[in-house]
Every structure is written in C-alpha cells, then in structure tokens.
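Engineer: For the sequence shown, the working numbering assigns the number 10 to the initial residue and increments by one for each residue that follows. Quick one: structure below, then a few questions.
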Amino acid sequence: MIAIKGLYETHLTVSNLDRSIDFYRDVVGLEFAHRIPSRNVAFFWVGGRDRSMLGLWSIHSSPLRMRLHIAFQTTLDEILRAPEYLKSRGVVPRRGGGSTEINEPVVFPWVPAASVYFDDPDGHSLEFITVLHETPRPEISGTVTFTEWEQMNNRAEL
C-alpha cells in the first residue's frame with residue numbers, strides 16, 4: 010500500500026477565472042503560481058511549492074460543473090480571526106453543513122478540529138480548519154462553538 014501523507018493537488022471549475030484568481034489570492038491568501046491562458050486555467054501554491062496546489066479551470070475549458078469542498082489547514086490563531094477577516098472581505102463565515110452565519114469558529118468534537126466554512130464566488134464550499142490537541146469527544150454530536158469547547162475543557166469562564 011502507498012502511504013498517503015496529504016492532499017497535494019485539487020481542481021475546481023469556476024465561472025470567471027479572473028474573479029476567482031483575485032478571490033483565492035486576496036481573500037483566501039494563496040500564492041499565485043502560474044496561468045495558462047490557452048487552457049483557461051490558473052494554479053496556486055497552497056503552503057508552498059512542495060506542499061500542495063490548487064488548479065482553477067474556467068467553465069469554458071470543461072463541461073463539468075459541480076459544487077465541491079476544499080478544507081485548508083491553518084493554525085488556531087488564524088481560525089480564531091477567520092470569521093472577522095472573512096466578513097471584512099464581504100464573505101459570510103458559516104457553520105459547516107449549513108448556511109448559518111457564525112461569529113466564531115465551530116468545533117467538531119469527534120476529531121476535535123476548529124473550523125470556519127465559507128463559499129467562493131462560484132458557490133464551492135471552502136473551509137479553514139485546524140486539528141486541536143484535546144481528547145476527541147465522539148459522544149458529543151454535531152458541532153459546538155469554540156467558546157463552548159473551551160468551557161468543556163475548563164479554559165474559559167462559564
């Protein structure tokens with residue numbers, strides 16, 4: 010068996026390549042890598058050249074159109090500031106699996122991981138996520154707010 014260590018490359022179809030380049034560079038914060046105008050595709054480094062890559066394909070280069078999901082791993086400090094940052098860029102931060110707007114990250118206790126979901130201009134579901142170091146709590150269904158998670162772990166005032 011081949012040992013998989015992570016996701017290196019993924020691709021999305023987009024309705025407006027220029028708008029999506031701006032979004033993934035200026036809002037998500039990815040490093041622009043390369044554009045091939047003749048193929049209507051652009052590439053971004055995710056965490057550096059040796060880590061992973063995202064390809065954006067104009068719908069004019071492919072008939073495939075579906076809503077996809079990508080989770081970008083980041084740090085806890087970045088997750089905590091993500092809702093305010095996204096709002097400042099005109100993007101609605103939301104709870105995973107729904108459209109409920111959030112003001113703080115949510116935690117999936119079974120992992121545990123802190124997370125903020127949002128959509129790109131074409132409706133693809135994006136996520137900033139960080140794995141937390143506490144003991145997994147699979148008995149807690151769904152998600153809790155980060156504040157609730159901190160209270161459960163005796164790190165916040167009740």
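Note that the Cβ used here is the ideal one computed from N, Cα and C, for glycine as well. Everything numeric in this text was worked out from a predicted model, so none of it was measured.
#1: Output the distance between the C-alpha atoms of Trp66 and Ser124, rounded to the nearest integer angstrom.
#2: Please check the pair Pro118 and Arg164, which I expect to be a contact at CB under 8 Å, by giving their CB distance rounded to whole angstroms.
#3: Does the beta-carbon of Gly105 have 16 or more other beta-carbons within 10 angstroms, so that it is buried, or is it exposed?
#4: Where Lys2 and Arg76 are concerned, what is the direct C-alpha to C-alpha distance, given to the nearest angstrom?
#5: Using CA coordinates, which residue listed in Tyr17, Ile30, Asp128, Ile149 is at the minimum distance from Pro121?
#6: Just to confirm my understanding: we take Pro130, look at its own chain, exclude 5 residues before and 5 after, and list those with CB closer than 8 Å. What are they?
#7: Taking the alpha carbon of Glu93 as the point to measure from, which residue in Asn112, Thr19, Gln82, Asn162 has its own alpha carbon closest?
#8: Give the straight-line distance between the Cα atoms of Gly99 and Gly107, rounded to the nearest whole angstrom.
Structural biologist: Taking the definition as stated:
#1: If you take the alpha carbons of Trp66 and Ser124, they lie about 26 Å apart.
#2: Not quite, the Cβ-Cβ distance comes to about 15 Å (not below 8 Å), so this is no contact.
#3: buried
#4: An answer regarding residue 2 cannot be provided, because it is not within the stretch 10 to 167 covered by the chain.
#5: Ile149
#6: Val23, Ser24, Asn25, Arg28, Ser29, Phe32
#7: Asn112
#8: 18 Å
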